[in-house]
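Basically the working numbering = 1-based index in the sequence shown + 953.
Beta carbons are placed, not taken as given, at the ideal position from N, Cα and C, and that holds for glycine.
Working notes, beginning with the structure itself.
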Amino acid sequence: SLDPVYQAKARILNDVLQKIGMGKYPWYLFVVAGFGWMSGVVTGLILTPVANEFNVLGPWLKLAKNIGLLVGAAFWGVLSDIWGRRWAFIITLGMTGLFAIAAGGSMNYVALCSLTAVWSVRVCGNVPVDSAVFLGKEEGLHSVSMILMRHMESIPTSHQYLLTVLFMW
């Protein structure tokens, strides 16, 4: 069972968050984090048009994405804990924008795969970093279940569905 003092403090915090409600900033952050999550599925969306444009097989683009995801998985968790989630959030959004625009102008398939790998480094850090920034938590996040648990603690009860909506974005 939980400590009664903790339960009392949690109840007070939940009541205050419910009274405060959702302002403009959390809604703007929700939209930005949603676009960050959406950027993770771009490779799947462009696979067929890219294969038709460059007359190549698609698996190399998937391989480039997975290599980027592997590097990002080892990279962003540590850097988020060192620099803080706000800087990681800003850097990951900047990387995605820069390298996705550059990939859009790729003249050949090798350049596209290389730029896809670089933007995928950022995508792997996307779920924990964007979610943590959206939910307003600065502690370390260890899994999606921890994100869900912290979500329930940080926004009003009337808006707890937003993390689910963010997953569907």
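Original post:
With 16 other CB atoms within 10 Å as the buried threshold, where does lysine 1018 fall?
Top reply: For the purposes of this step, residue 1018 is taken as the residue at position 65 of the sequence shown. Looking at its Cβ environment, which holds 16 or more other Cβ atoms inside 10 Å, lysine 1018 is buried.
Subject >> Whole-angstrom distance between leucine 1010 and glycine 997, CA atom to CA atom >> reply: Against the sequence shown, residue 997 aligns to sequence position 44. Against the sequence shown, residue 1010 aligns to sequence position 57. Spanning the two alpha carbons is a distance of roughly 14 Å.
**OP:** Please work out which residues of its chain come closer than 6 Å, Cβ to Cβ, to valine 958, disregarding the five sequence neighbours upstream and downstream, and give them in chain order.
**Re:** By 1-based counting over the sequence shown, the position of residue 958 is 5. So the list is empty, once near-sequence residues are dropped.
**OP:** To the nearest angstrom, report how far apart leucine 1126 and glycine 993 are at their CA atoms.
**Re:** No answer is possible for residue 1126: the residues shown for the chain start at 954 and end at 1122.
Original post:
Would a C-beta distance cut-off of 8 Å place valine 995 and glycine 1025 closer than the cut-off?
Top reply: For the purposes of this step, residue 995 is taken as the residue at position 42 of the sequence shown. For the purposes of this step, residue 1025 is taken as the residue at position 72 of the sequence shown. It is not a contact, given that the beta carbons lie outside the stated cut-off.
**OP:** Would you kindly work out how many angstroms separate the C-alpha atoms of leucine 1116 and alanine 1027, rounded to a whole number?
**Re:** Taking the first residue of the sequence shown as 1, we reach residue 1116 at position 163. Taking the first residue of the sequence shown as 1, we reach residue 1027 at position 74. Using only the alpha carbons, I get a separation of about 25 Å.
**OP:** Tell me, to the nearest whole angstrom, how far the beta carbon of valine 1071 is from that of phenylalanine 1052; I am working on the premise that it is less than 8 Å.
**Re:** In the sequence shown, residue 1071 corresponds to position 118, counting from 1. In the sequence shown, residue 1052 corresponds to position 99, counting from 1. Valine 1071 to phenylalanine 1052, Cβ: 5 Å. Contact.
**OP:** Could you pull out every residue in the same chain whose Cβ sits closer than 6 Å to the Cβ of methionine 975, ignoring the five residues on either side in sequence?
**Re:** The sequence position of residue 975 within the sequence shown is 22, counting from 1. Taken in chain order, the residues that qualify are His1112.
Subject >> Outcome for tryptophan 990 when other beta-carbon atoms lying within 10 angstroms are tallied against a minimum of 16 >> reply: Position 37 of the sequence shown, counted from the start, is the residue given in the question as residue 990. Label assigned to tryptophan 990: buried.
Subject >> Neighbourhood of methionine 925 by C-beta, 8 Å cutoff - its chain only, sequence neighbours within 5 removed >> reply: A query on residue 925 cannot be resolved here, the shown segment of the chain reaching from 954 to 1122 and no further.
Original post:
Nearest-angstrom Cα distance between alanine 961 and valine 984?
Top reply: The count along the sequence shown starts at 1 and reaches residue 961 at position 8. The count along the sequence shown starts at 1 and reaches residue 984 at position 31. In this structure, the alpha-carbon of alanine 961 lies about 33 Å from that of valine 984.
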